[in-house]
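Engineer: Residue numbering for the sequence shown is 791 to 1040, as defined by my numbering.
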Amino acid sequence: TWRDNATGEEFFTVERKEGVDGAWSQIDIVPADRTSYRDTRGLSAGATYYYRVRARYTGGNSAYSNEASATPRSPLTVSGTLAGDTTWSGPVLVTGDVVVPVGRTLSLSAGTVVRFRALNDDTGGGAHGSRAELVVQGSLVVAGTESAPVVLDSDASSPARGDWYGVRVVVGAAGQRVALSHCRVEHSKVGLDVRVSTYQTPVSVEHCVVRESEGHGIYLEGKGGAKLALTLTGNTVEGHGGRGVYLAGN
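(1) Using a threshold of 8 Å, state whether the C-beta atoms of residue 982 and residue 961 are closer than that.
(2) If I follow the unbroken beta strand (DSSP E) through residue 810, where does it start and stop?
(3) When you compare the CB positions of residue 922 and residue 968, do they come within less than 8 Å of one another, or not?
(4) Could you tell me the alpha carbon to alpha carbon distance between residue 790 and residue 1024, rounded to whole angstroms?
(5) Can you tell me the Cα-Cα spacing of residue 888 and residue 924, whole angstroms?
(6) Distance, Cα to Cα, residue 1041 vs residue 947?
(7) What residue does the beta strand (DSSP E) around residue 995 start on, and which one ends it?
(8) Just verifying my parser: in three-state terms, what is the DSSP assignment at residue 882?
(9) Under three-state DSSP, which class holds residue 985?
(10) I need the DSSP call for residue 936, collapsed to helix, strand or coil.
(11) Tell whether a beta-carbon distance below 8 Å holds between residue 830 and residue 931.
(12) DSSP state of residue 915, grouped into three classes?
(13) Using the three-state DSSP reduction, which class does residue 952 fall into: helix, strand or coil?
(14) Would you mind reading off the limits of the beta strand (DSSP E) that contains residue 869?
(15) Measure the CB-CB distance between residue 870 and residue 900 and report whether it falls below 8 Å.
(16) What separation, rounded to the nearest whole angstrom, lies between the Cα atoms of residue 918 and residue 955?
(17) To the nearest angstrom, how far is the alpha carbon of residue 1034 from that of residue 1012?
(18) Report yes or no: do the region 833-842 and the region 850-858 share at least 3 C-beta pairs separated by less than 8 Å?
(19) Look at residue 977 and residue 944 and say whether their C-beta atoms are less than 8 Å apart.
(20) At a cut-off of 7 Å, is residue 948 close to the ligand MG when judged by its beta-carbon and the heavy atoms of the ligand?
Now the structure itself:
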């Protein structure tokens, strides 16, 4: 975070270096009046990174801010079927399919960064034997915030469409729910794929970004006459090989 002392800036540039003697490089641009930034890509656990920002005006740049540093911790590594209600926070590395069974809830806290190992599935199962996926048969609650969104993306240094399979919701039992708020789902094959076969399953996707899927961005289907109690609000869905949002019923 930083204090915004600028007036009339166009945006801020964020720079990073690794270690005291590393070389500075620009890693992002953030809008005017923003006072925080979350770095989620290309980081190594245990390494120390230094950051600085400056404002950009029509006529040039401000002076740099003071430097701040951070040291990422090692990610939680997960694969397989969850044994009970589970909460993820901080960095998470998914190496194979993760299944949330009926009657269980997976909760993702604000700021959680979930990376799926690119082109890999150590379970060899699911919808694609070489792409890890998050399979939700129970409930999924993603509780990001505007300043600390939840990220689900590839762990590749240069991620591409189809690096991982996606979030696949296959609810067939009553009493389950799916609620995503302030999250980013990027570089998967199917994005967010929701297919329910039980009456009136509540599904909400609010203030999320779904980008760069091989297929559809958000696919929603009520099977066998099942109904979705659906809320879609304030989302950005872009850069997909299929439709942005696809609603189906049978």
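We put the beta carbon where it would ideally sit given N, CA and C, even for glycine. The structure presented is a predicted model; accordingly, all values stated were derived computationally and were not measured.
Structural biologist: Once the coordinates are examined:
(1) It is not a contact, given that the beta carbons lie outside the stated cut-off.
(2) Counting along the chain, residue 810 falls outside any beta strand (DSSP E), and DSSP gives it neither H nor E.
(3) In this structure, residue 968 does not lie closer than 8 Å to residue 922 by Cβ.
(4) Any answer about residue 790 is impossible in this case: the structure gives the chain only from 791 up to 1040.
(5) 5 Å
(6) The structure shown has nothing for residue 1041, since the chain only spans 791 to 1040.
(7) 991-996
(8) strand
(9) strand
(10) coil
(11) no
(12) coil
(13) Three-state result, residue 952: coil.
(14) Membership of residue 869 in the beta strand (DSSP E) is indicated by the continuous run 866-871.
(15) no
(16) 7 Å
(17) Residue 1034 and residue 1012 have their C-alpha atoms roughly 18 Å apart.
(18) yes
(19) yes
(20) Among the components of this structure there are no ligands whatsoever, and the ligand MG is therefore not found.
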